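Single-structure report; data block below.
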Amino acid sequence: MNVTVLLFADLRVAAGRSELRLPLPEAATVRTAAEHLERELGERRLQGAMVAVNERYATPSTALAEGDVVAFLPPVSGG
Amino acid sequence: MNVTVLLFADLRVAAGRSELRLPLPEAATVRTAAEHLERELGERRLQGAMVAVNERYATPSTALAEGDVVAFLPPVSGG
Amino acid sequence: MSGPAAAAGHRFEVVRDAIDVAELLREASAPAWGAVASFLGSVRSPNRGAQVEHIDYEGYEAMMRAEMARLADEVGSGRDLGRCLIVHRLGRLRPGEISLAVVVASPHRADALLACQELVEGLKARLPVWKFEVGEAGGAYVAGRADAGPTL
Amino acid sequence: MSGPAAAAGHRFEVVRDAIDVAELLREASAPAWGAVASFLGSVRSPNRGAQVEHIDYEGYEAMMRAEMARLADEVGSGRDLGRCLIVHRLGRLRPGEISLAVVVASPHRADALLACQELVEGLKARLPVWKFEVGEAGGAYVAGRADAGPTL
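Going down the list, the sequences are from chains A, B, C and D. Here the first sequence stands for residues 524 to 602, where the numbers follow our numbering. Here the second sequence stands for residues 524 to 602, where the numbers follow our numbering. Here the third sequence stands for residues 1117 to 1268, where the numbers follow our numbering. Here the fourth sequence stands for residues 1117 to 1268, where the numbers follow our numbering.
What follows is the structure in structure tokens.
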């Protein structure tokens, strides 16, 4: 399946882009997506980040489906 | 000694005035003033009221001095 | 008005005309203060199921200002309050008109929010103000609170 | 935006231009609501001892609006909230400019004050927003919080 990955703040800067398409094996979870993304980016940068799936906070074990939007969120500081 | 008495809300309405001069014996307290005022007004209307002396909440035992401003305050509802 | 409160540019006022909230917010705005918490109280209608025509607010003005300043000193103790503005309106107010405005500016959001909340609670309990509420069924003094001092 | 929140006339917005606070307060004003609590967050300078030139706010806009609505539903549960308005600004903001406005109207002052406070705390913890702060010594991302969900 394919998911859309969104990157923000220092993750976006490090990757040089804010969005990418990520092919994943079937039955992939957020953790799978993170592992594939780190391989793609060539570094273990995701440690400490939160994750949202389809605009909602998710956990590493959240299951993904075709077309999901997976956002990697560095610690936030709104307001 | 003499003190100035201030009356508000239903106390003011019942007394028909908002301010009066009250002669008191020496060594009078707030409680003395209340007793004299009730005699003056002809009724036990002050029960349940709070008292301020010189713009500050006081207790029945607060001692009074010449020229003090003694305000009788029905339960308040500011805001 | 007490020394520290006056020195800090605080404002403790009793007014008869409409409260200018925009002006209060401007006064509470400065780059050093990242947080402004505010509370506006207005005449509510319906109240306890009945339409309100107006409320006549009566107050002991000198003591209102004194209590505002004392309360601001108490609430500001141990907190970093940049500015504290309290305005209470008296006279005849119609539904929707603002009777009380409390605006607190601070460098820190918790200081601003908690101080605003404590000020509002303290003002409700302590300000010597009385409301005569008039509706379709006539008028009556609103039942008040006697938390601020011992009663006779 | 969730059903109940949208139906109540709430507003959850992400904007790029100056926030019109007077307009928000007007929207939160009605005779049925006697209490309006609000919070304004702005760019503070100095911050941690250093002058701030500006902050660039970056956000995940769709999720910001979704989190605002979810949070308003949570905070409004069991409370009588007349109206809840949340606006967050993104882009480049100078010291003193407002980045966050939260306005809550209710018939009851405790509901308005506590809901406002809980909304502000929740928004700070949960809104997917990042600040790049620029001062004399250069720029850096402001250290954030990871309270809203498990981290990798």
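No residue lacks a Cβ here, since even glycine has one placed at the ideal position from N, Cα and C. Remember, predicted model here, so these are calculated numbers, not experimental data.
Contacts around residue 1170 of chain C, its chain only, beta-carbon distance under 7 Å, and the 5 residues preceding and following it disregarded: For this step, residue 1170 of chain C is matched to residue 54 along the third sequence. Excluding its 5 nearest sequence neighbours in each direction, residue 1170 of chain C has C-beta neighbours in its own chain below 7 Å: 1208, 1209, 1210, 1250, listed in chain order.
So, helix, strand or coil for residue 593 of chain B, using DSSP? Position 70 of the second sequence holds residue 593 of chain B. It is a strand residue.
Is the distance from the Cβ of residue 1236 of chain D to the Cβ of residue 1141 of chain C below 8 Å? Numbered from 1 along the fourth sequence, position 120 holds the residue referred to as residue 1236 of chain D. Numbered from 1 along the third sequence, position 25 holds the residue referred to as residue 1141 of chain C. Cβ atoms of residue 1236 of chain D and residue 1141 of chain C: not closer than 8 Å.
Short CB-CB distance (under 8 Å) between residue 1258 of chain D and chain C: For the purposes of this step, residue 1258 of chain D is taken as the residue at position 142 of the fourth sequence. Residue-level contact by beta carbon fails for residue 1258 of chain D and chain C, as no gap is shorter than 8 Å.
I need the boundaries of the alpha helix (DSSP H) containing residue 1184 of chain D, first residue and last residue. If you number the fourth sequence from 1, residue 1184 of chain D lands on position 68. From DSSP, the alpha helix (DSSP H) with residue 1184 of chain D extends over 1177-1192.
Please state the DSSP three-state secondary structure of residue 1224 of chain D. By 1-based counting over the fourth sequence, the position of residue 1224 of chain D is 108. Coil.
Length of the line joining the Cα atoms of residue 1240 of chain C and residue 1266 of chain C: If you number the third sequence from 1, residue 1240 of chain C lands on position 124. If you number the third sequence from 1, residue 1266 of chain C lands on position 150. The straight-line gap from Cα to Cα measures roughly 16 Å.
For residue 577 of chain B, list the residues DSSP reports as bridge partners. Looking up residue 577 of chain B in the second sequence gives position 54. In the DSSP assignment, residue 577 of chain B forms no beta bridge with any residue.
Quick one: residues in its chain with C-beta nearer than 6 Å to the C-beta of residue 1234 of chain D, no 5 flanking neighbours on either side, listed in chain order? Position 118 of the fourth sequence, counted from the first residue, corresponds to residue 1234 of chain D. Taken in chain order, the residues that qualify are 1191.
Reference residue 1212 of chain D; option with closest CA among D/1184, D/1162, D/1259: Looking up residue 1212 of chain D in the fourth sequence gives position 96. Closest by alpha carbon: D/1162.
Using C-beta distances below 6 Å, list every residue in its chain close to residue 542 of chain A, excluding the 5 sequence neighbours before and after it, in chain order. Along the first sequence, one-based indexing puts residue 542 of chain A at 19. Contacts found: 529.
Beta-bridge partners of residue 1251 of chain C, as assigned by DSSP: Locating residue 1251 of chain C in the third sequence gives position 135, counting from the first residue. Residue pairing by DSSP places residue 1251 of chain C opposite C/1168, C/1254 in a beta bridge.
Can you tell me where the beta strand (DSSP E) holding residue 1153 of chain D begins and where it ends? Residue numbering aside, residue 1153 of chain D sits at position 37 when the fourth sequence is read from its first letter. Where residue 1153 of chain D is concerned, the enclosing beta strand (DSSP E) stretches over 1151-1158.
Residue 1265 of chain C at chain B interface by Cβ criterion, 8 Å: Sequence index remark: in the third sequence, residue 1265 of chain C carries index 149 (1-based). True, the Cβ-Cβ gap to chain B drops below 8 Å.
Below-8 Å beta-carbon distance, residue 1204 of chain C vs any chain B residue: Here residue 1204 of chain C refers to the residue found at position 88 when the third sequence is read from its first residue. Cβ-Cβ to chain B under 8 Å: yes for residue 1204 of chain C.
Look at the alpha carbon of residue 547 of chain A and the alpha carbon of residue 1214 of chain D, and state the distance between them as a whole number of angstroms. In the first sequence, counting from the first residue as 1, residue 547 of chain A sits at position 24. In the fourth sequence, counting from the first residue as 1, residue 1214 of chain D sits at position 98. Answer to the nearest angstrom: the Cα atoms are 42 Å apart.
In three-state terms, what does DSSP make of residue 1144 of chain C? For the purposes of this step, residue 1144 of chain C is taken as the residue at position 28 of the third sequence. Residue 1144 of chain C sits in coil when the DSSP states are folded into three classes, being neither helix nor strand.
Residue 1175 of chain D: beta carbon under 7 Å from a heavy atom of the ligand SAH? Looking at this structure, you won't find the ligand SAH or any other ligand, since it has none at all.
Where do the N-terminal and C-terminal ends of the alpha helix (DSSP H) with residue 553 of chain B fall, by residue? What you label residue 553 of chain B is simply residue 30 of the second sequence in a count that begins at 1. Element bounds for residue 553 of chain B: 553-564.
Alpha-carbon to alpha-carbon, residue 1196 of chain D and residue 545 of chain B: Indexing the second sequence from 1 puts residue 545 of chain B at position 22. Indexing the fourth sequence from 1 puts residue 1196 of chain D at position 80. Straight-line measurement puts the Cα of residue 1196 of chain D at about 49 Å from the Cα of residue 545 of chain B.
Residue burial classification, residue 565 of chain A (beta-carbon count within 10 angstroms, cutoff 16): Position 42 of the first sequence, counted from the start, is the residue given in the question as residue 565 of chain A. Here residue 565 of chain A is exposed: its Cβ has fewer than 16 other Cβ atoms, across all protein chains shown, within 10 Å.
Chain C partners of residue 597 of chain B, CB-CB under 9 Å? Mapped onto the second sequence, residue 597 of chain B falls at position 74. Going along chain C in sequence order, the residues near residue 597 of chain B (Cβ under 9 Å) are 1246, 1257, 1260, 1262.
Considering only their Cβ atoms, is the gap separating residue 1244 of chain C from residue 1184 of chain C smaller than 8 Å? Position 68 of the third sequence, counted from the first residue, corresponds to residue 1184 of chain C. Position 128 of the third sequence, counted from the first residue, corresponds to residue 1244 of chain C. Residue 1244 of chain C sits away from residue 1184 of chain C, with the two beta carbons spaced by 8 Å or more.
Please tell me whether residue 537 of chain A has its Cβ less than 8 Å away from any Cβ of chain D. Numbered from 1 along the first sequence, position 14 holds the residue referred to as residue 537 of chain A. No, residue 537 of chain A does not count as interfacial toward chain D.
Which residue's Cα is closest to the Cα of residue 1194 of chain D: D/1238, D/1147, D/1259, D/1226? If you number the fourth sequence from 1, residue 1194 of chain D lands on position 78. Scanning D/1238, D/1147, D/1259, D/1226 for the CA closest to the CA of residue 1194 of chain D turns up D/1226.
Roughly how far, in whole angstroms, is the beta-carbon of residue 1154 of chain D from the beta-carbon of residue 1218 of chain D, given that I think they are within contact range, below 8 Å? The residue given as residue 1154 of chain D occupies position 38 in the fourth sequence. The residue given as residue 1218 of chain D occupies position 102 in the fourth sequence. Sure, about 6 Å apart at Cβ, within 8 Å.
Proximal residues to residue 1206 of chain D (C-beta, below 8 Å), its chain only, five neighbours per side dropped: The count along the fourth sequence starts at 1 and reaches residue 1206 of chain D at position 90. Once the five neighbours on either side are set aside, the close Cβ partners of residue 1206 of chain D are 1130, 1131, 1132, 1173, 1174, 1175, 1177, 1245.
Provide the residue(s) that pair with residue 546 of chain A in DSSP beta bridges, ordered along the chain. As a position in the first sequence, residue 546 of chain A is number 23, starting the count at 1. Paired residues: A/525.
When you compare each of C/1221, C/1134, C/1165 to residue 1188 of chain C by their alpha carbons, which one comes out closest? Reading the third sequence from its first residue, position 72 is the one you call residue 1188 of chain C. Selected option, being the one with the closest Cα: C/1221.
Can you pull the DSSP bridge partners for residue 599 of chain B? The residue given as residue 599 of chain B occupies position 76 in the second sequence. According to DSSP, residue 599 of chain B bridges with C/1261.
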